[in-house]
Amino acid sequence: MTEKITHLAYSAERANYQNYGLVLGPLFFVLMMLSADTQTTMSPVAWNTAGVALWMATWWSTEAVPVPITAFLPIVTFEMLDIASLKEAAAPYSNPIIYLFLGAFILALAVERWNLHKRIALLILEKTGTDGRKLILGFMVVAALLSMWMTNTSTTMMLMPIALSVATVIIENTPQLSDKQKAQFQIAILLGLAYAATIGGLATLVGTPPNALLAAFLVDNYGIEVSFARWMLVGVPVMVVMLPICWWALTRVLYRVAIPANDKVNAHIKSLKAELGPMSAPEKRVAIVFSLVVVLWMLRRPLTSYFNIEGLSDAGIVMAAAMVLFILPSGSQSQAQLMTWHDVNRLPWGVLVLFGGGLSLASAFSSSGLALWLGESISPIALWSVVILIIAATGLVIFLTEITSNLATTATFLPVMGAIAVQGDINPLLLCVPITLAASCAFMLPVATPPNAIVFSSGKLSIPQMVRAGVMLNIIGLLLITVIAVWWAPLILL
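Using my numbering, you'd call the opening residue of the sequence shown number 1451 and step up by one each time.
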């Protein structure tokens, strides 16, 4: 995926945890296979899937091998273990979200190719100043607000190149910063961007697919209608509370950011902006394509509804834009078109493989019955306390969705939680709302959410660094969602 990870995985300077992970991953798998014939806990297919999942989770979390290589395991193992055919295991690697990633990466490379990102970065710096913590908060607020109305994937893809360029400008022009301070600032701004995009998606029904799935599930099965406005009364408070907590945790506790505003940096920024001069023809054309993609992403749902357009998708929009970039004349003598295939050499192909592997594993979780078994295993807790059940189910989903699709996890758990609620004479909302929110609160691994995968593709942070921050955010999310589900959501939705 990145030169940093590849080097880390094969360097003679490998960390001990990588060597341990390299052995432990297949060891867990072998132990699971040796006990497959004697275990009666779950079906053989689910057991085999759990074995592969343990192997993949171990290698992903320790970076024992390059992260995309771990994502090949479903293709290598699923057919041999009768989990899925090779065709079924490989199908998720061509999931539409892969092409959403591909098109957006090409668009981002075009922005970088013609230095549009530098112009945008300098403009933002002029407005926000160079104080590190305020800068991170500004990016997080923008990401959260945009993710309320458009996919968090699109939001992160649009903002990451800008965030990286802003961080680079500050680091290059603040020589008194130590290497540790530079690294912590980059990590905090990237994780803040990814986490804010995820948190913002919780606020509306269209912010993330599980929210819309919940609304449809409740209407179809229980006749409970959750309107757009009513959901916002639940989702917006979650966002408003969790966003500043996340910012504080990243910049004060996990990765201390202490970059003061600097007059010399401000002066340098102004000089850099002056050096850019007026926008060039390629910049203007890339900006137009970029803006059209953003507008179409944001207006896709109303446009498809108003004009009765079928088949218009986020992936289709950005892939069309990517094609246009290879066709449109640049207006510059240095290059005929806005993009050439040579420009795509730096595209992080490993991210596409990584997410394909995660989707393939997620599909096996559902089809093998493993996710269903995990959900049903917590049902006895309903006999003790509704609050304990909510905490247990929410915690399980938060950590399970680290290696599974949040939509697949939601689709699997909602029927289970609904059945438990009916059996325990509990309103389904009390169990289904926290499950839905929890499915989108995965902060530990790159495969957990598209924003995580996108910022990970930058090569500026490692999986252990993401896990360190993600564990804390997962726990915060667990506590907050429990409070919302027990005390706030019933007042609004019941």
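Don't be surprised by glycine CBs; every beta carbon is placed ideally from N, CA and C.
Exercise for the section: Look at the alpha carbon of Phe1635 and the alpha carbon of Asp1581, and state the distance between them as a whole number of angstroms. Expected result: 11 Å
Practice task
In the DSSP assignment, find the unbroken beta strand (DSSP E) run with Pro1779 in it and report its ends.
Solution key: Pro1779 to Ser1782
Practice task
May I ask you to list the residues that DSSP assigns as paired with Gln1785?
Solution key: Answer by DSSP bridge pairing, in chain order: Ser1782.
Handout entry: Cutoff 7 Å; reference Val1691; Cβ partners in own chain excluding five residues on either side
Key = Once the five neighbours on either side are set aside, the close Cβ partners of Val1691 are Leu1930.
Exercise for the section: Would you tell me roughly how many angstroms separate the C-alpha atoms of Val1745 and Met1729, rounded to the nearest one? Expected result: The straight-line gap from Cα to Cα measures roughly 21 Å.
Exercise for the section: Identify whether Met1451 lies in helix, strand or coil by the three-state DSSP scheme. Expected result: A caution first: Met1451 carries a pLDDT of 30, below 50, which makes its placement in the model too unreliable to give a value.
Practice task
Please report the Cβ distance between Leu1881 and Met1867, rounded to the nearest whole angstrom; I am assuming they are in contact, meaning their Cβ atoms lie under 8 Å.
Solution key: 4 Å
Handout entry: Whole-number beta carbon distance between Gly1475 and Thr1527, since they are thought to touch under 8 Å
Key = That belief does not hold up - the Cβ atoms of Thr1527 and Gly1475 are roughly 12 Å apart, past 8 Å.
Practice task
Could you have a look at Ser1810 and say whether DSSP puts it in helix, strand or coil?
Solution key: helix
Practice task
Answer with buried or exposed for Gln1783, where buried requires no fewer than 16 other C-beta atoms within 10 angstroms of its C-beta.
Solution key: exposed
Exercise for the section: Kindly indicate the opening and closing residues of the alpha helix (DSSP H) around Lys1630. Expected result: Note, Lys1630: alpha helix (DSSP H), Asp1629 to Gly1651.
Handout entry: Backbone secondary structure at Asp1793 - three-state DSSP
Key = helix
Problem - Exposed unless 16 or more other CB atoms sit within 10 angstroms - verdict on Asn1758 - result: Looking at its Cβ environment, which holds fewer than 16 other Cβ atoms inside 10 Å, Asn1758 is exposed.
Problem - Residue environment, Tyr1756, which counts as buried when at least 16 other CB atoms sit within 10 Å - result: exposed
Handout entry: Top-ranked residue by Cα proximity to Val1502, from Pro1625, Gly1651 and Phe1815
Key = Phe1815
Problem - Close-in-space but distant-in-sequence residues of the same chain around Val1561 (CB under 7 Å, 5 per side omitted) - result: His1567, Pro1611, Val1736 and Phe1740
Problem - Pick from Thr1603, Ser1810, Glu1852 and Phe1906 that is closest to Pro1524, judged by C-alpha positions - result: Ser1810
Problem - Minimum length 4: unbroken alpha helix (DSSP H) runs contained in the segment 1846 to 1913 - result: 1856 to 1873, 1878 to 1889 and 1900 to 1906
Handout entry: Where the alpha helix (DSSP H) containing Gln1489 begins and where it ends
Key = Careful: Gln1489 lies outside any alpha helix (DSSP H) and carries neither H nor E.
Problem - Endpoints, alpha helix (DSSP H) assigned at Ser1835 - result: Here Ser1835 belongs to no alpha helix (DSSP H), and DSSP marks it neither H nor E.
Handout entry: As assigned by DSSP and simplified to three states, the class of Val1933
Key = helix
Handout entry: Best match in Ile1925, Pro1896, Asp1670 and Asn1661 for proximity to Leu1640 [C-alpha to C-alpha]
Key = Pro1896
Practice task
Specify, as a first and last residue, the run of the alpha helix (DSSP H) that Ser1597 falls within.
Solution key: In the DSSP assignment, Ser1597 falls within the alpha helix (DSSP H) that extends over Gly1582 to Ser1597.
Practice task
Report the residue ranges of all alpha helix (DSSP H) runs contained in full by the segment 1718 to 1775; include only those spanning at least 4 residues, in chain order.
Solution key: 1731 to 1756
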